[in-house]
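Asks: Before I ask anything, here is the structure I am working with.
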(Lines of atoms letter the chains of each structure in order from A and count residues from 1; the text may use other names and numbers.)
(Lines give C-alpha, C1' and ligand atoms only; values in the text may rest on other atoms or scores of the structure.)
Protein backbone atom coordinates (compact mmCIF):
# COMPACT_ATOMS: atom_id res chain seq x y z
CA UNK A 1 0.00 0.00 0.00
CA UNK A 2 1.33 3.44 -0.88
CA UNK A 3 2.58 5.62 1.96
CA UNK A 4 1.26 9.16 2.54
CA UNK A 5 2.87 12.02 0.65
CA UNK A 6 5.88 13.44 2.53
CA UNK A 7 5.43 16.99 3.76
CA UNK A 8 8.05 19.70 3.13
CA UNK A 9 10.55 20.02 5.96
CA UNK A 10 9.85 22.96 8.27
CA UNK A 11 12.51 25.67 8.24
CA UNK A 12 12.93 27.64 11.46
CA UNK A 13 12.46 31.41 10.87
CA UNK A 14 15.79 32.16 12.58
CA UNK A 15 17.60 29.69 10.34
CA UNK A 16 16.04 31.21 7.23
CA UNK A 17 16.95 34.70 8.44
CA UNK A 18 20.54 33.60 9.00
CA UNK A 19 20.80 32.43 5.41
CA UNK A 20 19.80 35.87 4.12
CA UNK A 21 23.31 37.19 4.72
CA UNK A 22 25.14 34.11 3.38
CA UNK A 23 27.30 34.54 0.28
CA UNK A 24 26.01 33.08 -2.96
CA UNK A 25 28.26 30.00 -3.08
CA UNK A 26 27.71 29.20 0.60
CA UNK A 27 23.96 29.66 0.23
CA UNK A 28 23.97 27.40 -2.80
CA UNK A 29 25.77 24.62 -0.89
CA UNK A 30 23.43 24.91 2.10
CA UNK A 31 20.33 24.67 -0.09
CA UNK A 32 21.76 21.71 -2.00
CA UNK A 33 22.65 19.81 1.19
CA UNK A 34 19.20 20.54 2.65
CA UNK A 35 17.51 18.76 -0.26
CA UNK A 36 14.59 19.48 -2.56
CA UNK A 37 11.75 19.60 -0.05
CA UNK A 38 13.52 21.92 2.45
CA UNK A 39 14.57 24.06 -0.52
CA UNK A 40 10.94 24.48 -1.52
CA UNK A 41 10.13 25.61 2.03
CA UNK A 42 13.04 28.09 2.01
CA UNK A 43 11.65 29.72 -1.12
CA UNK A 44 8.69 30.96 0.93
CA UNK A 45 10.90 32.81 3.43
CA UNK A 46 12.11 35.78 1.36
CA UNK A 47 12.66 37.12 -2.13
CA UNK A 48 16.42 36.50 -1.97
CA UNK A 49 15.97 32.89 -0.85
CA UNK A 50 13.29 32.34 -3.48
CA UNK A 51 15.71 33.56 -6.16
CA UNK A 52 18.48 31.33 -4.78
CA UNK A 53 16.21 28.28 -4.68
CA UNK A 54 15.11 28.94 -8.26
CA UNK A 55 18.64 28.20 -9.53
CA UNK A 56 18.10 25.69 -12.35
CA UNK A 57 21.44 24.00 -11.65
CA UNK A 58 20.18 23.04 -8.18
CA UNK A 59 17.03 21.46 -9.54
CA UNK A 60 18.95 19.67 -12.27
CA UNK A 61 20.94 17.98 -9.49
CA UNK A 62 17.85 17.26 -7.40
CA UNK A 63 16.12 15.71 -10.42
CA UNK A 64 19.14 13.60 -11.29
CA UNK A 65 19.82 12.36 -7.77
CA UNK A 66 16.26 11.88 -6.52
CA UNK A 67 14.49 10.85 -9.72
CA UNK A 68 17.13 9.82 -12.24
CA UNK A 69 16.05 12.57 -14.66
CA UNK A 70 18.56 14.02 -17.13
CA UNK A 71 16.02 16.28 -18.86
CA UNK A 72 13.02 18.31 -17.62
CA UNK A 73 10.21 15.97 -18.65
CA UNK A 74 7.03 14.70 -17.02
CA UNK A 75 6.33 10.98 -16.30
CA UNK A 76 5.02 10.61 -19.87
CA UNK A 77 8.33 12.03 -21.24
CA UNK A 78 6.69 15.27 -22.35
CA UNK A 79 9.03 18.29 -22.08
CA UNK A 80 8.58 20.78 -19.24
CA UNK A 81 9.93 24.36 -18.96
CA UNK A 82 12.44 23.68 -16.17
CA UNK A 83 13.89 21.08 -13.81
CA UNK A 84 12.14 22.80 -10.91
CA UNK A 85 8.78 22.32 -12.60
CA UNK A 86 9.72 18.74 -13.47
CA UNK A 87 10.52 17.94 -9.84
CA UNK A 88 7.17 19.40 -8.75
CA UNK A 89 5.24 17.41 -11.37
CA UNK A 90 6.97 14.15 -10.46
CA UNK A 91 6.36 14.74 -6.77
CA UNK A 92 2.67 15.31 -7.46
CA UNK A 93 2.51 12.01 -9.38
CA UNK A 94 4.71 9.84 -7.16
CA UNK A 95 5.07 11.66 -3.84
CA UNK A 96 3.10 8.93 -2.07
CA UNK A 97 6.01 6.51 -2.73
CA UNK A 98 9.60 6.60 -1.39
CA UNK A 99 11.58 8.51 -4.03
CA UNK A 100 14.50 6.02 -4.01
CA UNK A 101 12.01 3.33 -5.06
CA UNK A 102 10.50 5.61 -7.71
CA UNK A 103 13.97 6.20 -9.15
CA UNK A 104 14.82 2.49 -9.04
CA UNK A 105 11.66 1.40 -10.86
CA UNK A 106 11.95 4.22 -13.39
CA UNK A 107 15.55 3.24 -14.16
CA UNK A 108 14.55 -0.42 -14.51
CA UNK A 109 11.95 0.35 -17.16
CA UNK A 110 14.26 2.83 -18.92
CA UNK A 111 16.98 0.17 -19.12
CA UNK A 112 14.57 -2.55 -20.22
CA UNK A 113 13.22 -0.28 -22.96
CA UNK A 114 16.74 0.49 -24.15
CA UNK A 115 17.72 -3.19 -24.31
CA UNK A 116 14.53 -4.19 -26.10
CA UNK A 117 14.74 -1.30 -28.56
CA UNK A 118 18.31 -2.23 -29.48
CA UNK A 119 17.98 -6.03 -29.46
CA UNK A 120 14.30 -6.93 -29.78
CA UNK A 121 12.31 -3.94 -31.12
CA UNK A 122 9.35 -6.18 -31.94
CA UNK A 123 8.91 -6.91 -28.21
CA UNK A 124 9.48 -3.26 -27.28
CA UNK A 125 6.41 -2.37 -29.34
CA UNK A 126 4.23 -4.61 -27.13
CA UNK A 127 4.91 -2.54 -23.98
CA UNK A 128 1.98 -0.45 -22.74
CA UNK A 129 1.76 2.94 -21.04
CA UNK A 130 1.56 2.87 -17.27
CA UNK A 131 -1.73 2.80 -15.37
CA UNK A 132 -3.05 5.42 -12.97
CA UNK A 133 -3.40 5.27 -9.19
CA UNK A 134 -7.17 5.11 -9.67
CA UNK A 135 -6.85 2.09 -11.98
CA UNK A 136 -4.62 0.31 -9.46
CA UNK A 137 -7.03 1.06 -6.62
CA UNK A 138 -9.95 -0.19 -8.70
CA UNK A 139 -8.10 -3.46 -9.39
CA UNK A 140 -7.24 -3.86 -5.71
CA UNK A 141 -10.85 -3.21 -4.70
CA UNK A 142 -12.01 -5.75 -7.27
CA UNK A 143 -9.73 -8.47 -5.84
CA UNK A 144 -10.14 -7.44 -2.21
CA UNK A 145 -6.49 -6.90 -1.31
CA UNK A 146 -3.61 -4.48 -1.92
CA UNK A 147 -0.65 -4.98 -4.25
CA UNK A 148 2.91 -4.61 -2.89
CA UNK A 149 4.30 -1.10 -3.30
CA UNK A 150 7.08 -2.08 -5.79
CA UNK A 151 4.53 -3.86 -7.99
CA UNK A 152 2.23 -0.83 -7.92
CA UNK A 153 5.12 1.33 -9.12
CA UNK A 154 6.11 -1.14 -11.84
CA UNK A 155 2.61 -0.83 -13.28
CA UNK A 156 2.51 2.95 -12.82
CA UNK A 157 5.46 3.22 -15.20
CA UNK A 158 4.50 0.44 -17.62
CA UNK A 159 1.37 -1.70 -17.84
CA UNK A 160 3.45 -4.68 -18.98
CA UNK A 161 2.65 -6.13 -22.44
CA UNK A 162 -0.28 -6.34 -24.81
CA UNK A 163 -2.85 -8.84 -23.49
CA UNK A 164 -3.66 -12.22 -24.99
CA UNK A 165 -6.78 -12.27 -27.16
CA UNK A 166 -7.66 -15.57 -28.81
CA UNK A 167 -10.03 -13.78 -31.21
CA UNK A 168 -7.37 -11.35 -32.47
CA UNK A 169 -4.99 -12.58 -35.19
CA UNK A 170 -2.50 -9.95 -34.02
CA UNK A 171 -2.02 -12.01 -30.86
CA UNK A 172 -0.57 -14.81 -33.00
CA UNK A 173 1.92 -12.41 -34.57
CA UNK A 174 3.33 -11.32 -31.18
CA UNK A 175 3.03 -14.69 -29.44
CA UNK A 176 6.80 -15.20 -29.13
CA UNK A 177 7.53 -11.63 -28.05
CA UNK A 178 7.29 -12.24 -24.29
CA UNK A 179 9.90 -10.14 -22.52
CA UNK A 180 10.62 -12.97 -20.06
CA UNK A 181 11.20 -15.47 -22.86
CA UNK A 182 11.28 -19.25 -22.84
CA UNK A 183 12.42 -22.40 -24.62
CA UNK A 184 11.30 -25.00 -27.14
CA UNK A 185 12.05 -28.72 -26.95
CA UNK A 186 10.18 -31.87 -27.98
CA UNK A 187 7.10 -29.80 -28.98
CA UNK A 188 7.07 -28.16 -25.54
CA UNK A 189 7.05 -24.46 -26.39
CA UNK A 190 7.07 -21.86 -23.61
CA UNK A 191 7.21 -18.10 -24.07
CA UNK A 192 6.35 -15.97 -21.04
CA UNK A 193 4.74 -12.52 -21.34
CA UNK A 194 4.45 -10.03 -18.50
CA UNK A 195 0.71 -9.58 -17.95
CA UNK A 196 -1.05 -6.19 -18.09
CA UNK A 197 -3.40 -5.19 -15.28
CA UNK A 198 -6.57 -6.27 -17.11
CA UNK A 199 -5.13 -9.74 -17.76
CA UNK A 200 -3.93 -10.02 -14.15
CA UNK A 201 -7.52 -9.51 -13.05
CA UNK A 202 -8.92 -11.96 -15.60
CA UNK A 203 -6.39 -14.75 -14.96
CA UNK A 204 -6.42 -14.31 -11.18
CA UNK A 205 -10.22 -14.49 -10.98
CA UNK A 206 -10.13 -17.59 -13.18
CA UNK A 207 -7.80 -19.34 -10.73
CA UNK A 208 -9.80 -18.30 -7.69
CA UNK A 209 -13.00 -19.50 -9.34
CA UNK A 210 -11.53 -22.76 -10.66
CA UNK A 211 -9.53 -23.77 -7.57
CA UNK A 212 -11.15 -22.05 -4.58
CA UNK A 213 -9.80 -24.46 -1.97
CA UNK A 214 -6.17 -23.82 -2.96
CA UNK A 215 -6.25 -20.12 -3.86
CA UNK A 216 -8.90 -18.32 -1.84
CA UNK A 217 -7.45 -16.23 0.98
CA UNK A 218 -3.85 -16.43 -0.29
CA UNK A 219 -3.77 -12.99 -1.96
CA UNK A 220 -2.09 -14.32 -5.11
CA UNK A 221 -2.14 -12.63 -8.51
CA UNK A 222 -1.00 -14.05 -11.86
CA UNK A 223 1.65 -11.60 -13.13
CA UNK A 224 3.20 -13.49 -16.05
CA UNK A 225 2.10 -16.35 -18.26
CA UNK A 226 3.12 -18.36 -21.31
CA UNK A 227 0.92 -18.09 -24.38
CA UNK A 228 1.83 -21.61 -25.55
CA UNK A 229 2.34 -24.44 -23.06
CA UNK A 230 0.94 -23.21 -19.72
CA UNK A 231 3.44 -21.67 -17.33
CA UNK A 232 2.33 -19.12 -14.73
CA UNK A 233 4.12 -16.85 -12.29
CA UNK A 234 2.16 -15.73 -9.23
CA UNK A 235 2.90 -12.93 -6.78
CA UNK A 236 1.88 -13.24 -3.13
CA UNK A 237 0.65 -9.75 -2.33
CA UNK A 238 0.85 -10.39 1.40
CA UNK A 239 4.54 -11.33 1.77
CA UNK A 240 5.88 -10.16 -1.61
CA UNK A 241 7.12 -13.60 -2.72
CA UNK A 242 7.02 -14.62 -6.38
CA UNK A 243 6.25 -18.21 -7.33
CA UNK A 244 6.15 -20.32 -10.47
CA UNK A 245 3.46 -22.95 -10.84
CA UNK A 246 4.43 -26.59 -11.26
CA UNK A 247 2.45 -29.16 -13.24
CA UNK A 248 0.36 -29.48 -10.04
CA UNK A 249 -0.52 -25.79 -9.83
CA UNK A 250 -4.22 -26.62 -9.73
CA UNK A 251 -3.47 -28.25 -6.36
CA UNK A 252 -1.58 -25.17 -5.20
CA UNK A 253 1.95 -26.50 -5.83
CA UNK A 254 4.38 -23.65 -6.53
CA UNK A 255 8.11 -22.97 -6.21
CA UNK A 256 9.74 -19.69 -5.10
CA UNK A 257 11.44 -17.82 -7.97
CA UNK A 258 13.53 -15.36 -5.93
CA UNK A 259 15.75 -15.80 -2.82
CA UNK A 260 13.40 -15.17 0.10
CA UNK A 261 16.07 -13.34 2.12
CA UNK A 262 16.12 -10.51 -0.45
CA UNK A 263 12.40 -9.75 -0.23
CA UNK A 264 11.55 -6.73 1.94
CA UNK A 265 7.98 -5.71 1.10
CA UNK A 266 7.61 -3.32 4.05
CA UNK A 267 11.03 -1.64 4.17
CA UNK A 268 10.39 2.06 4.83
CA UNK A 269 12.92 3.58 2.43
CA UNK A 270 13.41 0.96 -0.27
CA UNK A 271 10.89 -1.90 -0.22
CA UNK A 272 11.47 -4.67 -2.74
CA UNK A 273 9.16 -7.53 -3.62
CA UNK A 274 9.74 -10.69 -5.60
CA UNK A 275 8.45 -9.28 -8.88
CA UNK A 276 10.81 -6.29 -8.88
CA UNK A 277 13.82 -8.41 -7.89
CA UNK A 278 12.94 -11.01 -10.53
CA UNK A 279 12.60 -8.47 -13.31
CA UNK A 280 15.84 -6.72 -12.33
CA UNK A 281 17.73 -10.02 -12.37
CA UNK A 282 16.23 -10.88 -15.75
CA UNK A 283 17.36 -7.51 -17.12
CA UNK A 284 20.89 -8.06 -15.77
CA UNK A 285 21.08 -11.36 -17.66
CA UNK A 286 19.93 -9.68 -20.85
CA UNK A 287 22.39 -6.81 -20.45
CA UNK A 288 25.43 -9.00 -19.76
CA UNK A 289 24.62 -11.41 -22.58
CA UNK A 290 23.87 -14.41 -20.36
CA UNK A 291 20.61 -14.82 -22.29
CA UNK A 292 19.94 -13.60 -25.83
CA UNK A 293 17.42 -13.68 -28.64
CA UNK A 294 17.38 -16.49 -31.16
CA UNK A 295 15.14 -17.57 -34.01
CA UNK A 296 12.38 -20.06 -33.28
CA UNK A 297 11.71 -22.66 -35.94
CA UNK A 298 8.58 -24.77 -35.49
CA UNK A 299 5.79 -26.11 -37.66
CA UNK A 300 3.52 -23.30 -36.43
CA UNK A 301 6.05 -20.47 -36.48
CA UNK A 302 8.52 -20.94 -39.32
CA UNK A 303 10.85 -18.12 -38.23
CA UNK A 304 10.04 -16.01 -35.20
CA UNK A 305 12.36 -14.15 -32.85
CA UNK A 306 12.21 -14.78 -29.11
CA UNK A 307 14.25 -14.44 -25.91
CA UNK A 308 15.90 -17.79 -25.24
CA UNK A 309 16.42 -18.71 -21.57
CA UNK A 310 19.28 -21.11 -22.36
CA UNK A 311 22.38 -19.50 -20.79
CA UNK A 312 25.02 -18.27 -23.24
CA UNK A 313 27.97 -17.62 -20.92
CA UNK A 314 30.00 -19.37 -18.20
CA UNK A 315 29.61 -20.95 -15.74
CA UNK A 316 26.10 -22.00 -16.80
CA UNK A 317 27.13 -22.48 -20.44
CA UNK A 318 30.27 -24.50 -21.16
CA UNK A 319 32.32 -24.90 -24.32
CA UNK A 320 34.81 -27.38 -25.77
CA UNK A 321 36.58 -27.76 -29.13
CA UNK A 322 37.65 -31.15 -30.50
CA UNK A 323 39.22 -31.56 -33.94
CA UNK A 324 37.90 -28.13 -34.85
CA UNK A 325 34.31 -28.95 -33.84
CA UNK A 326 33.02 -26.56 -31.16
CA UNK A 327 30.24 -27.63 -28.81
CA UNK A 328 28.50 -25.26 -26.37
CA UNK A 329 26.00 -26.62 -23.85
CA UNK A 330 23.66 -25.26 -21.17
CA UNK A 331 20.42 -26.19 -19.46
CA UNK A 332 17.27 -24.71 -17.92
CA UNK A 333 15.07 -26.03 -15.12
CA UNK A 334 11.51 -26.69 -16.35
CA UNK A 335 9.17 -26.57 -13.32
CA UNK A 336 5.91 -26.73 -15.26
CA UNK A 337 6.66 -30.01 -17.06
CA UNK A 338 4.70 -33.02 -15.75
CA UNK A 339 6.73 -35.76 -14.02
CA UNK A 340 8.24 -38.39 -16.28
CA UNK A 341 7.33 -42.06 -15.98
CA UNK A 342 7.50 -43.29 -12.36
CA UNK A 343 10.86 -42.71 -10.70
CA UNK A 344 11.93 -44.00 -7.26
CA UNK A 345 12.58 -40.49 -5.95
CA UNK A 346 11.45 -36.94 -6.59
CA UNK A 347 12.78 -35.76 -9.94
CA UNK A 348 13.27 -32.49 -11.79
CA UNK A 349 13.03 -31.98 -15.51
CA UNK A 350 15.59 -29.93 -17.39
CA UNK A 351 15.82 -28.86 -20.97
CA UNK A 352 19.29 -28.55 -22.45
CA UNK A 353 20.58 -26.86 -25.57
CA UNK A 354 23.58 -28.13 -27.54
CA UNK A 355 25.09 -25.71 -30.07
CA UNK A 356 27.53 -27.25 -32.57
CA UNK A 357 29.72 -25.50 -35.11
CA UNK A 358 33.00 -25.61 -37.00
CA UNK A 359 34.38 -22.06 -36.59
CA UNK A 360 37.38 -22.56 -38.89
CA UNK A 361 38.13 -26.10 -40.05
CA UNK A 362 37.47 -29.72 -39.10
CA UNK A 363 40.85 -31.44 -38.84
CA UNK A 364 41.54 -35.15 -38.27
CA UNK A 365 45.25 -35.19 -37.64
CA UNK A 366 46.64 -33.30 -40.60
CA UNK A 367 43.70 -34.09 -42.83
CA UNK A 368 41.18 -31.33 -43.60
CA UNK A 369 37.50 -32.33 -43.78
CA UNK A 370 35.07 -30.11 -45.65
CA UNK A 371 32.19 -31.36 -43.49
CA UNK A 372 31.23 -33.75 -40.71
CA UNK A 373 27.90 -35.17 -39.52
CA UNK A 374 26.59 -36.12 -36.08
CA UNK A 375 25.30 -39.65 -35.63
CA UNK A 376 25.20 -40.48 -31.88
CA UNK A 377 25.84 -39.11 -28.40
CA UNK A 378 26.75 -40.36 -24.93
CA UNK A 379 25.94 -38.72 -21.60
CA UNK A 380 27.54 -39.08 -18.18
CA UNK A 381 25.49 -37.67 -15.31
CA UNK A 382 27.16 -36.63 -12.06
CA UNK A 383 25.72 -35.68 -8.69
CA UNK A 384 28.16 -33.92 -6.34
CA UNK A 385 31.11 -35.30 -8.36
CA UNK A 386 29.83 -38.89 -8.22
CA UNK A 387 28.85 -40.62 -11.46
CA UNK A 388 25.22 -41.66 -11.08
CA UNK A 389 24.29 -42.61 -14.62
CA UNK A 390 25.51 -43.29 -18.13
CA UNK A 391 23.16 -42.90 -21.07
CA UNK A 392 23.85 -43.59 -24.71
CA UNK A 393 21.41 -42.16 -27.21
CA UNK A 394 21.92 -44.28 -30.27
CA UNK A 395 19.04 -42.49 -31.95
CA UNK A 396 18.67 -38.72 -31.80
CA UNK A 397 16.24 -36.43 -33.52
CA UNK A 398 18.70 -34.43 -35.61
CA UNK A 399 21.82 -35.37 -37.54
CA UNK A 400 23.24 -32.00 -38.58
CA UNK A 401 25.98 -31.67 -41.17
CA UNK A 402 28.56 -29.11 -40.03
CA UNK A 403 30.68 -27.09 -42.43
CA UNK A 404 33.30 -24.43 -41.61
CA UNK A 405 31.96 -20.94 -40.95
CA UNK A 406 28.24 -21.76 -40.93
CA UNK A 407 25.89 -20.77 -38.10
CA UNK A 408 25.63 -22.98 -35.05
CA UNK A 409 23.44 -26.05 -35.38
CA UNK A 410 21.17 -26.21 -32.33
CA UNK A 411 19.83 -29.38 -30.72
CA UNK A 412 17.41 -28.92 -27.81
CA UNK A 413 16.08 -31.81 -25.74
CA UNK A 414 15.36 -32.70 -22.11
CA UNK A 415 16.11 -35.16 -19.34
CA UNK A 416 14.61 -35.98 -15.96
CA UNK A 417 17.08 -36.19 -13.06
CA UNK A 418 16.81 -36.80 -9.31
CA UNK A 419 16.40 -33.68 -7.20
CA UNK A 420 19.71 -32.05 -6.27
CA UNK A 421 22.70 -30.45 -8.03
CA UNK A 422 23.69 -32.35 -11.15
CA UNK A 423 26.11 -31.91 -14.00
CA UNK A 424 26.09 -33.56 -17.40
CA UNK A 425 28.99 -34.19 -19.71
CA UNK A 426 29.57 -36.46 -22.64
CA UNK A 427 30.65 -36.85 -26.20
CA UNK A 428 29.15 -36.73 -29.66
CA UNK A 429 30.21 -39.13 -32.38
CA UNK A 430 30.74 -37.58 -35.81
CA UNK A 431 31.69 -39.05 -39.14
CA UNK A 432 33.89 -37.03 -41.51
CA UNK A 433 31.92 -36.18 -44.61
CA UNK A 434 28.32 -37.38 -44.40
CA UNK A 435 26.58 -40.46 -43.03
CA UNK A 436 25.65 -41.40 -46.59
CA UNK A 437 29.23 -40.95 -47.78
CA UNK A 438 31.82 -41.01 -44.96
CA UNK A 439 35.40 -40.16 -45.88
CA UNK A 440 37.06 -41.60 -42.78
CA UNK A 441 36.61 -43.23 -39.40
CA UNK A 442 34.16 -41.78 -36.81
CA UNK A 443 35.62 -39.48 -34.16
CA UNK A 444 34.47 -38.30 -30.73
CA UNK A 445 33.77 -34.66 -29.86
CA UNK A 446 33.74 -33.60 -26.20
CA UNK A 447 30.76 -31.99 -24.50
CA UNK A 448 32.19 -30.15 -21.48
CA UNK A 449 30.36 -30.62 -18.13
CA UNK A 450 27.43 -28.22 -17.75
CA UNK A 451 25.19 -27.79 -14.66
CA UNK A 452 21.59 -28.90 -14.36
CA UNK A 453 20.16 -27.71 -11.05
CA UNK A 454 17.28 -25.75 -9.60
CA UNK A 455 18.51 -22.12 -9.62
CA UNK A 456 17.93 -19.34 -7.09
CA UNK A 457 16.05 -17.34 -9.72
CA UNK A 458 13.56 -19.30 -11.81
CA UNK A 459 12.34 -17.84 -15.11
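Numbering (the numbering used here), first residue to last: 349 to 807.
In this text, a Cβ means the ideal position worked out from N, Cα and C, and glycines have one as well.
1) Buried or exposed for residue 515, please, with buried defined as at least 16 other CB atoms from any protein chain shown within 10 angstroms of its CB.
2) Beta-carbon separation of residue 696 and residue 678 under 8 Å?
3) Could you give the distance in angstroms between the alpha-carbon of residue 723 and the alpha-carbon of residue 638?
4) According to DSSP, what are the bridge partners of residue 644?
5) Classify residue 804 as helix, strand or coil using the three-state DSSP reduction.
6) Considering only DSSP beta bridges, list what residue 781 is partnered with.
7) Mind checking residue 381: buried by the 16 CB within 10 Å criterion, or exposed?
8) Can you grab the Cα-Cα spacing for the pair residue 572 / residue 807, in whole Å?
9) Return the bridge partner residues of residue 731 from the DSSP annotation.
10) Suppose you measure from the CA of residue 788 to the CA of residue 718; what does that come to, to the nearest Å?
11) Straight-line CA distance for residue 629 to residue 622?
12) Please tell me whether residue 594 and residue 601 are closer than 8 Å, where the distance is taken between their beta carbons.
13) Using DSSP with H/G/I as helix, E/B as strand and the rest coil, what is residue 793?
14) In or out: residue 517 buried (at least 16 other Cβ within 10 Å) or exposed?
15) Report the residue from 418, 748, 534, 802 whose alpha carbon sits nearest the alpha carbon of residue 771.
16) Check whether the Cβ atoms of residue 673 and residue 750 sit closer than 8 Å, and answer yes or no.
17) Can you check which of these residues, 420, 784, 492, 588, is closest to residue 553 by C-alpha distance?
18) Suppose contacts are defined by Cβ-Cβ distances below 8 Å. Is residue 478 in contact with residue 503 by that definition?
19) Sorted by chain position, which residues of the same chain lie with C-beta nearer than 7 Å to residue 355's C-beta, five sequence neighbours on each side aside?
20) Run through DSSP, which three-state label would residue 712 get?
21) Closest to residue 484 by C-alpha separation, out of 565, 505, 635, 713, would be which residue?
22) Sorted by chain position, which residues of the same chain lie with C-beta nearer than 6 Å to residue 442's C-beta, five sequence neighbours on each side aside?
23) According to DSSP, simplified to helix, strand and coil, what is residue 528?
24) Can you say whether residue 426 is buried or exposed, counting buried as having 16 or more other CB atoms within 10 angstroms of its CB?
25) Please say whether residue 499 and residue 583 have beta carbons closer to each other than 8 Å?
26) Checking 8 Å against the spacing of the C-beta atoms, do residue 548 and residue 528 come in under that value?
27) Could you give the first and the last residue of the continuous beta strand (DSSP E) run that contains residue 584?
28) Cα separation between residue 581 and residue 655?
29) Since residue 507 contacts residue 526 with CB under 8 Å, what's their CB separation in whole angstroms?
30) Can you tell me which residues form a DSSP beta bridge with residue 467?
31) Identify the residues that DSSP records as bridge partners of residue 603: which are they?
32) Just reading off the beta strand (DSSP E) that residue 676 is part of, what are its end residues?
33) Would you kindly work out how many angstroms separate the C-alpha atoms of residue 459 and residue 452, rounded to a whole number?
34) Less than 8 Å separating the beta-carbons of residue 476 and residue 544?
35) Would you mind reading off the limits of the alpha helix (DSSP H) that contains residue 630?
36) Cβ of residue 577 within 8 Å of Cβ of residue 520?
Replies: This is what the structure holds:
1) Result: exposed.
2) Result no, Cβ atoms of residue 696 and residue 678 do not sit closer than 8 Å.
3) Going by C-alpha positions, residue 723 is about 30 Å away from residue 638.
4) Paired residue(s): 652.
5) Residue 804 falls in the coil class under three-state DSSP.
6) Looking at the DSSP output, residue 781 shares a beta bridge with 786.
7) It is exposed - the Cβ of residue 381 has fewer than 16 other Cβ atoms within 10 Å.
8) A direct Cα-Cα distance of roughly 10 Å separates residue 572 from residue 807.
9) Looking at the DSSP assignment, residue 731 forms a beta bridge with 734, 770.
10) Note on geometry: alpha-carbon atoms of residue 788 and residue 718 lie some 12 Å from one another.
11) In a straight line, the C-alpha of residue 629 is about 10 Å away from that of residue 622.
12) In this structure, residue 601 lies closer than 8 Å to residue 594 by Cβ.
13) For residue 793, the secondary structure class from DSSP, reduced to helix, strand or coil, is strand.
14) Exposed is the call here.
15) Ranking the options by Cα distance to residue 771, first place goes to 802.
16) Yes. Within cutoff.
17) In terms of Cα proximity to residue 553, the closest of 420, 784, 492, 588 is 492.
18) Yes, these two residues count as a Cβ contact at 8 Å.
19) Any reading at residue 355 needs caution, since the residue's pLDDT is 45, under 50, leaving its predicted position unreliable; the model's value is listed next. Shown here for residue 355: not one same chain residue has a beta carbon closer than 7 Å to its own, the five before and five after excluded.
20) Residue 712 falls in the strand class under three-state DSSP.
21) For residue 484, the nearest C-alpha among the options comes from 505.
22) Closer than 6 Å at Cβ, skipping near neighbours: 450.
23) The answer is coil: DSSP assigns residue 528 none of H, G, I, E or B.
24) Flag for residue 426 reads exposed.
25) Yes. Within cutoff.
26) No; because the gap between Cβ atoms is not below 8 Å, this pair is not in contact.
27) Its beta strand (DSSP E) spans residues 580-584.
28) Rounded to whole angstroms, residue 581 to residue 655 spans 17 Å at the Cα level.
29) Residue 526 and residue 507 do not touch by the CB rule: their CB atoms are close to 15 Å apart, not below 8 Å.
30) According to DSSP, which records beta bridges pairwise, residue 467 is partnered with nothing at all.
31) According to DSSP, residue 603 bridges with 592.
32) Per DSSP, residue 676 belongs to the beta strand (DSSP E) from 673-681.
33) Distance between the alpha carbons of residue 459 and residue 452: 11 Å.
34) Result yes, Cβ atoms of residue 476 and residue 544 sit closer than 8 Å.
35) Segment 622-635, the alpha helix (DSSP H) holding residue 630.
36) Not in contact: residue 577 and residue 520 (Cβ atoms no closer than 8 Å).
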